[in-house]
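Colleague:
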Amino acid sequence: MSSPAQPLAASLVQSVDWLAIAPPTLAAVVALAVLVADLFVAEHRKALLGWTSVAGLAAATLLLLPLLDGDRSTFCLTGDGTVCSYTADRFTLVIQFLVLGGALLAALLSVTALKDARKELPEGEYWFLLLSSAAGAALLPASRDLATLIVALEVASLPAFALVGLRHGDRKSSEAALKFFLSSVTATAVSLMGISFVYASTGTLYLTQVADRIQNVDGQLDTLAQTGVVLTLVGFAFKTAAVPFHFWVPDTYVGAPLPVAAYLSVVGKAVGFSGLILVTVVALPSYADVWGPALAALAALTMTIGNAGALRQQATRAYSAVRLLAWSSVGQAGYLLVPIAAAAYSGDPEKSIGSTVAYALMYGAVNLGAFAVAALVSRTKPLNRVADYRGLYASSPVSALLLAFFLLCLAGLPPGVIGLFAKVTVFSAAVDAGLGWLAVIMAVNVVIALFYYLQWTGLLFRAPAGETRKHRIPAPLTAAIALTGVLGVVLSGAPQLVLRFTDTGLF
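If you're matching positions, the sequence shown starts at 116 in this note's numbering and goes up one per residue.
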């Protein structure tokens, strides 16, 4: 009786490529280790938890190196080894590098922030949530079925809600967390409904199988499939902070601890955009006539509203520096959407997606650098107004020069060559796809953004309003600023390095 069951059971067992899944797995294991260790570590030694987390994220990032020799897949169908739930290809590795590297830099900022918080932030919970979110974010670009994609999305998002509202007794933080939670839950509900419709009409969750079957859906299910595609796109538009689903961004960034805002601005965006790429270009290429125009319109709207919001920020308003970076990140999201929209019209969608990945790498490095300098200024100027940066060169010349460099990169001006290179790459993707009108809107928005980026840069070198005092910069903060600065300068000197890593291998 048992012999027929044994071959059946054996056929259902999937082999696991542990090296392929090592980066997100290590981040998750270190998260659990830190949470357990928090129960036993004495209060005066809690800093060890932070350094353990930093070391874990660094090790997870280094584990990407052995995967560069070729594509690896695991959790595959037993009858078809080409249909898998997890694939570590070039696209996956580049996004995982961005996610884990961004989380590592956010962790370095957090070491100083937790020390300055004086017990307002519980360290064990903080590090557990940050590492858990990073593990989910690293899992997402490797996901090749819709179920894994949504699980990874929520593992990345749910800890982020708690991180935003983790500061004890801070009403602003609680309100930001609630707004972030409600918008994200709405996005997830819409995405899940869309995915359930896609599954009902195709009978599969695997992205490549969805791409094949959705082209030949029965006529009675055609409306269901179309509705599923639209709802799925709307859900991911929330995650990418595309207008009009961006309303949570400014208040969330202001209410969150500054390292968490930095983390959301880069890792949160990487999660949303990598998920959007997988759903549109890999799973739904036959619906390019639906998502192409929709994403092009969203890109135009997002970059325009984002830059207009940043332009309206008053230098003397409390937290105006963080608000300006928040609105700027909305504008940058518009630029990131352009090549994804162009992939619908391009004869070479892989090249278009490579433009988005290249822009994301540039944006991640320099935006984290800008937040690192903002974290430095907030140690002495807790209101973090743009006006507080006046005369920063007199008190901290290196930090002022680096912030100026980061802002010029975001603006796309020399010496921020990598920013200019990334914008030209995105611009050419739109032109090559025949989206001339979108390229014109992007060009106008780049000019608008120059005003507020250059205005902030000019403040750094003006005569200080009062007496200047030089402050000692903590080692973790110094490391974060130095790492982002070196990365930005190296990429500006050799922007072709970015192109070597943006051959996505998705097709």
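Every residue, glycine too, gets a C-beta built ideally from N, C-alpha and C.
Out of curiosity, what's the CA-to-CA distance linking Ser126 and Thr319?
Modeller: Since pLDDT at Ser126 reaches only 49, below the 50 mark, its modelled position is unreliable, and no value is offered.
Colleague: What is the DSSP secondary structure of Pro122, reduced to helix, strand or coil?
Modeller: Reliability of the predicted coordinates at Pro122 is poor, the pLDDT of 49 falling under 50, and the value obtained from them is presented with this limitation in mind. It is helical.
Colleague: Quick check on DSSP: helix, strand or coil for Ser117?
Modeller: Because the pLDDT at Ser117 is just 44, under 50, the model does not fix this residue reliably, and the point stays unresolved.
Colleague: The beta strand (DSSP E) with Leu179 in it runs from where to where?
Modeller: Element bounds for Leu179: n/a, residue is neither H nor E.
Colleague: Since Gly449 contacts Leu255 with CB under 8 angstroms, what's their CB separation in whole angstroms?
Modeller: Contact flag wrong, Cβ pair sits at about 21 angstroms.
Colleague: Along the beta strand (DSSP E) that carries Phe190, what are the first and last residues, could you check?
Modeller: Unbroken beta strand (DSSP E) run through Phe190: 187–192.
Colleague: Does the beta-carbon of Trp552 have 16 or more other beta-carbons within 10 angstroms, so that it is buried, or is it exposed?
Modeller: Trp552 should be labelled exposed.
Colleague: Restricting to Cα atoms, I'd like to know which of Ser510, Thr140, Ser435 is closest to Val270.
Modeller: Checking every option, the nearest Cα to that of Val270 belongs to Thr140.
Colleague: Roughly how many whole angstroms lie between the Cα atoms of Ser272 and Ser299?
Modeller: Near 8 angstroms, if we compare the C-alpha coordinates of Ser299 and Ser272.
Colleague: May I ask you to report which of helix, strand or coil DSSP gives Val198?
Modeller: Correct three-state label for Val198: strand.
Colleague: Who are Asp260's beta bridge partners in DSSP?
Modeller: Answer is Tyr321.
Colleague: Pick helix, strand or coil for Ala609, following the three-state DSSP scheme.
Modeller: Three-state result, Ala609: coil.
Colleague: So, Gly387 versus Ala275, is the Cβ gap smaller than 9 angstroms?
Modeller: Against a cut-off of 9 angstroms, the Cβ pair of Ala275 and Gly387 comes out as no contact.
Colleague: Entirely within the region 455–494 and at least 4 residues each: give me those alpha helix (DSSP H) ranges in chain order.
Modeller: 464–493, all fully within the region 455–494.
Colleague: Near Asn499, what residues of its chain come up, given a Cβ to Cβ distance below 7 angstroms and the 5 sequence neighbours on each side ignored?
Modeller: Correct list, in chain order: Tyr434, Ala436, Val437, Ala489, Val492, Ser493.
Colleague: Please report how far the alpha carbon of Lys234 lies from the alpha carbon of Leu213, in whole angstroms.
Modeller: Cα-Cα distance, rounded: 30 angstroms.
Colleague: Give the secondary structure of Ala371 by DSSP, where H, G and I count as helix, E and B as strand, and everything else as coil.
Modeller: It is coil, neither helix nor strand.
Colleague: Is Ala203 helix, strand or coil by DSSP?
Modeller: It is a strand residue.
Colleague: Buried or exposed: Leu612, going by 16 or more other Cβ atoms within 10 Å of its Cβ?
Modeller: Burial call: exposed.
Colleague: For Ala377, does the three-state DSSP call read helix, strand or coil?
Modeller: Helix, per DSSP.
Colleague: Could you compute how far the alpha carbon of Val605 sits from the alpha carbon of Leu281?
Modeller: Using only the alpha carbons, I get a separation of about 36 angstroms.
Colleague: Taking Leu322 and Val397 to be in contact with their CB atoms under 8 angstroms, please state how far apart those CB atoms are, rounded to whole angstroms.
Modeller: Right, the Cβ-Cβ distance comes to about 5 angstroms (below 8 angstroms), so this counts as a contact.
Colleague: Within 10 angstroms of its Cβ, does Glu238 collect 16 or more other Cβ (buried), or is it exposed?
Modeller: Counting Cβ neighbours within 10 Å, Glu238 comes out buried, since at least 16 surround it.
Colleague: Between Thr202, Ala544, Gln335, which lies nearest to Leu182 when the distance is taken from Cα to Cα?
Modeller: Among Thr202, Ala544, Gln335, the Cα nearest to that of Leu182 is on Thr202.
Colleague: Suppose the cutoff is 7 angstroms on Cβ atoms and the five residues either side in sequence are ignored; what does the same chain contact list for Ala594 look like?
Modeller: Leu223.
Colleague: Taking Cβ positions, are Ala487 and Leu592 nearer each other than 9 angstroms?
Modeller: In this structure, Leu592 lies closer than 9 angstroms to Ala487 by Cβ.
Colleague: Helix, strand or coil for Val437, going by three-state DSSP, please let me know.
Modeller: In the structure shown, Val437 sits in a helix (DSSP, three-state: H, G or I).
Colleague: Using the beta-carbon count (16 or more within 10 Å), is Gln211 buried or exposed?
Modeller: So Gln211 counts as buried.
Colleague: Return helix, strand or coil for Pro579, following the three-state DSSP convention.
Modeller: Note: Pro579 maps to coil in three-state DSSP.
Colleague: Could you check what DSSP says for Trp363 in three-state terms: helix, strand or coil?
Modeller: Reduced to three states, the DSSP call for Trp363 is coil.
Colleague: So what's Phe155 in DSSP terms, helix, strand or just coil?
Modeller: Coil at Phe155, not helix or strand.
Colleague: Evaluate Thr395 with the Cβ neighbour count: other Cβ atoms within 10 Å of its Cβ, from every protein chain shown; 16 or more gives buried, anything less gives exposed.
Modeller: Burial call: buried.
Colleague: Suppose contacts are defined by Cβ-Cβ distances below 9 angstroms. Is Asp260 in contact with Thr189 by that definition?
Modeller: Cβ atoms of Asp260 and Thr189: not closer than 9 angstroms.
Colleague: Starting from the C-beta of Val279, find all residues in its chain whose C-beta is less than 7 angstroms away, skip the five residues before and the five after it, and write them out in chain order.
Modeller: For Val279, where only same-chain residues beyond five positions count, the Cβ hits under 7 angstroms are Ser288, Ala291, Ala292, Phe295, Thr367, Gly370, Ala371, Val375.
Colleague: If I'm right that Thr572 touches Ala519 with Cβ under 8 angstroms, what's the distance once you round it to whole angstroms?
Modeller: About 5 angstroms; that satisfies the 8 angstroms criterion.
Colleague: Rank Val601, Ile588, Leu574, Val209 by C-alpha distance to the C-alpha of Arg505 and give the top, closest one.
Modeller: Out of Val601, Ile588, Leu574, Val209, Leu574 has the C-alpha closest to the C-alpha of Arg505.
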